[in-house]
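Undergrad:
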Amino acid sequence: MLDLTINGEVRQVEAGLSVAGLLEMLGLQAKKVAVERNLEIVAKSAYDATQLETGDRIEIVAFVGGG
Amino acid sequence: MDDAVTMAPAVEDSPLVVAGRTFNSRLIIGTGKYKSYAQNAEALKASGAEMITVAVRRVNLSNPDEPRLVDFISPDDYTYLPNTAGCFTGEDAVRTLRLAREAGGWNLVKLEVLSDPKHLYPEMSETLRAAEMLIKDGFDVMVYCSDDPVYAKKLEEAGCCAIMPLGAPIGSGLGIQNPVNIRLIIEQTKVPVIVDAGVGTASDAAVGMELGCDGILMNTAIAEAKDPVRMASAMKHAVIAGREAYLAGRMPKKRYADPSSPLSGLI
């Protein structure tokens, strides 16, 4: 298992999970969010290839209303 | 009096151009504080605006199916202008907008680096530093700033693509408090000047446009009106009216009355 911090929440996920797999597990559509891993942007084209590692700090954001 | 034959043709207006992008509407509206995204979308349609400001926030992991802005207002139909609301340093702003660029693929952004929550005045030295960082990173930066012509000049020289001075504090609805400074900024600036924040009602928007601004950005004035859709329509007309009045050139102000009807030929 991997220990991740996702949007400030500590979560455990299966080892070998990719960013694409994580989004699927969370029920999020990849095209509507952006992902940052340890303060680095993960390009959408790299979601499948990017493997998560224990201790990763993940931010998943989307557009919301704002001024 | 000249008759119709000798009338000069009306001055043709040119569209608003920001960093090479052309907009027919000079009104930009925010997407915060609405009762729902559906109401927001309806107000946007009524406003005629083509550009909207949006914020970037963490998704709610416990409710992945919550309504998404992009499902109500399509980025294919409107220009999204991601903002940096809530950022207090240049680093925060760059981090937020890099995420926005990845989420949407756009590099036209609204930079705002705020200070005290009581007045939400921009922190200008940090705003300038953040602008320089973003421009270096390839962003086209529309910058929210104070109505200080000196800092406005520095931001323009740093390469910002639009200067956006506040008319009054964000969300205050007080109208344009310092028209003298706004006019000074307009006179000295070669990129578009857009009044951002402070508009409360339609006449405030018209005042900004009559000063010669290139556009008006507002959120609360529409979202917190009793009928936001109707206010959106009012703002559309106010911005057009103010622009037309600016292009028409107002009459001089006089200290005394001047009758409109001829004095000769009285019975």
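Chain order of the listed sequences is A and B. As numbered in the working numbering, the first sequence has no gaps in its residue numbers, which increase by one up to the final residue, 71. As numbered in the working numbering, the second sequence has no gaps in its residue numbers, which increase by one up to the final residue, 275. Cβ atoms here follow ideal geometry from the backbone N, Cα and C, with glycine treated the same way.
Since Ile184(B) and Val215(B) should fall inside the 8 Å C-beta cutoff, what is the C-beta to C-beta distance between them, to a whole number of angstroms?
TA: Sure, about 5 Å apart at Cβ, within 8 Å.
Undergrad: Are the beta-carbon atoms of Leu107(B) and Ile10(A) separated by less than 8 Å?
TA: No, they are not a contact pair.
Undergrad: So which residues of chain A does Val188(B) contact, with C-beta pairs closer than 7 Å?
TA: The contacting residues do not exist; Val188(B) stays about 25 Å from chain A at best.
Undergrad: Is Gln33(A) helix, strand or coil by DSSP?
TA: Three-state DSSP puts Gln33(A) in coil, outside helix and strand.
Undergrad: Check each residue of the stretch 117 to 139 of chain B: if its Cβ is closer than 8 Å to any Cβ of chain A, include it; give the result in chain order.
TA: Residues: none.
Undergrad: Check whether the stretch 151 to 169 of chain B touches the stretch 192 to 201 of chain B, counting contact only when three or more Cβ pairs, one atom from each stretch, lie closer than 8 Å.
TA: Touching, per the Cβ criterion.
Undergrad: Got a sec: which bits of the stretch 31 to 51 of chain B sit with their beta carbon under 8 Å from any beta carbon on chain A, in order along the chain?
TA: Per Cβ criterion, the list reads Gly38, Thr39, Gly40, Lys41, Tyr42, Tyr45 and Asn48.
Undergrad: In chain order, what are the residue ranges of uninterrupted beta strand (DSSP E) at least 3 long that sit wholly in the stretch 65 to 102 of chain B?
TA: Complete beta strand (DSSP E) runs here, min 3: 87 to 90.
Undergrad: Note down, in chain order, each residue of its chain lying with its Cβ closer than 7 Å to the Cβ of Gln196(B), except the 5 sequence neighbours on either side.
TA: Only Pro157 and Lys161 meet the Cβ criterion.
Undergrad: When the Cα atoms are used, what is the spatial distance from Gln55(A) to Pro75(B)?
TA: Their backbone Cα atoms lie some 29 Å apart in a straight line.
Undergrad: Assuming Val237(B) contacts Ala54(B) under a Cβ cut-off of 8 Å, what Cβ separation, rounded to an integer in Å, is found between them?
TA: That pair is a contact at about 5 Å.
Undergrad: Using 8 Å as the Cβ pair cut-off and three pairs as the minimum, do the stretch 22 to 32 of chain A and the stretch 23 to 34 of chain B touch?
TA: Cβ pair count under 8 Å is below three, so no.
Undergrad: Check whether the Cβ atoms of Ala66(A) and Ala210(B) sit closer than 8 Å, and answer yes or no.
TA: No. Outside cutoff.
Undergrad: Throw me the rounded Cβ distance for the Met150(B) and Leu89(B) pair, which I believe falls under 8 Å.
TA: The Cβ separation is near 7 Å, so the contact holds.
Undergrad: Whose CA, out of Ala139(B), Lys126(B) and Leu122(B), lies closest to the CA of Asn115(B)?
TA: The option with the nearest alpha carbon to Asn115(B) is Ala139(B).
Undergrad: How about Ile45(A): is its C-beta nearer than 8 Å to some C-beta of chain B?
TA: True, the Cβ-Cβ gap to chain B drops below 8 Å.
Undergrad: Where Ala53(A) and Ser22(A) are concerned, what is the direct C-alpha to C-alpha distance, given to the nearest angstrom?
TA: Ala53(A) and Ser22(A): Cα-Cα distance of roughly 7 Å.
Undergrad: When the cut-off is 8 Å and only beta carbons count, does Glu63(A) lie next to chain B?
TA: Yes - at least one Cβ of chain B is within 8 Å of the one on Glu63(A).
Undergrad: Less than 8 Å between C-beta atoms, sequence neighbours within five positions excluded: which residues of the same chain meet that for Ala166(B)?
TA: Leu136, Ala139, Glu140 and Ile143.
Undergrad: Please list the terminal residues of the continuous alpha helix (DSSP H) segment that includes Asp212(B).
TA: First-last of the alpha helix (DSSP H) with Asp212(B): Ala210 to Glu218.
Undergrad: For the stretch 24 to 42 of chain A, which residues have a beta carbon sitting closer than 8 Å to at least one beta carbon of chain B?
TA: So the close ones are Leu30, Gly31, Leu32, Lys36, Val37, Ala38, Val39 and Glu40.
Undergrad: Since Thr30(B) is in the beta strand (DSSP E), which residue starts that stretch and which ends it?
TA: Taken as a continuous stretch (DSSP letters only), the beta strand (DSSP E) holding Thr30(B) covers Arg29 to Phe31.
Undergrad: What does Glu13(A) touch in chain B if you count any residue whose Cβ is under 7 Å from its own?
TA: Neighbours of Glu13(A) on chain B, chain order: Leu69.
Undergrad: Where Asn68(B) and Val78(B) are concerned, what is the direct C-alpha to C-alpha distance, given to the nearest angstrom?
TA: Each residue's alpha carbon lies about 16 Å from the other.
Undergrad: Grab the span of the alpha helix (DSSP H) containing Gly69(A) for me, first residue to last.
TA: Segment Arg61 to Gly69 is the beta strand (DSSP E) holding Gly69(A); no alpha helix (DSSP H) there.
Undergrad: Looking at the C-beta of Val151(B), does it have a partner C-beta in chain A at a distance below 8 Å?
TA: Cβ-Cβ to chain A under 8 Å: no for Val151(B).
Undergrad: Give the range of the beta strand (DSSP E) segment to which Glu140(B) is assigned.
TA: First-last for Glu140(B): Met132 to Lys144, but that is the alpha helix (DSSP H), not the beta strand (DSSP E).
Undergrad: Just how far apart, CA to CA, sit Ile81(B) and Leu271(B)?
TA: Whole-angstrom Cα-Cα distance: 58 Å.
Undergrad: Tell me, please, whether the CB atom of Leu107(B) is closer than 8 Å to any CB atom in chain A?
TA: Output row for Leu107(B): interface = yes.
Undergrad: Between which two residues does the beta strand (DSSP E) carrying Arg15(A) extend?
TA: It spans Glu13 to Val17 - the beta strand (DSSP E) in which Arg15(A) sits, taken as one unbroken run.
Undergrad: For Glu18(A) and Met5(A), I'd like the C-alpha separation in whole angstroms.
TA: Distance between the alpha carbons of Glu18(A) and Met5(A): 5 Å.
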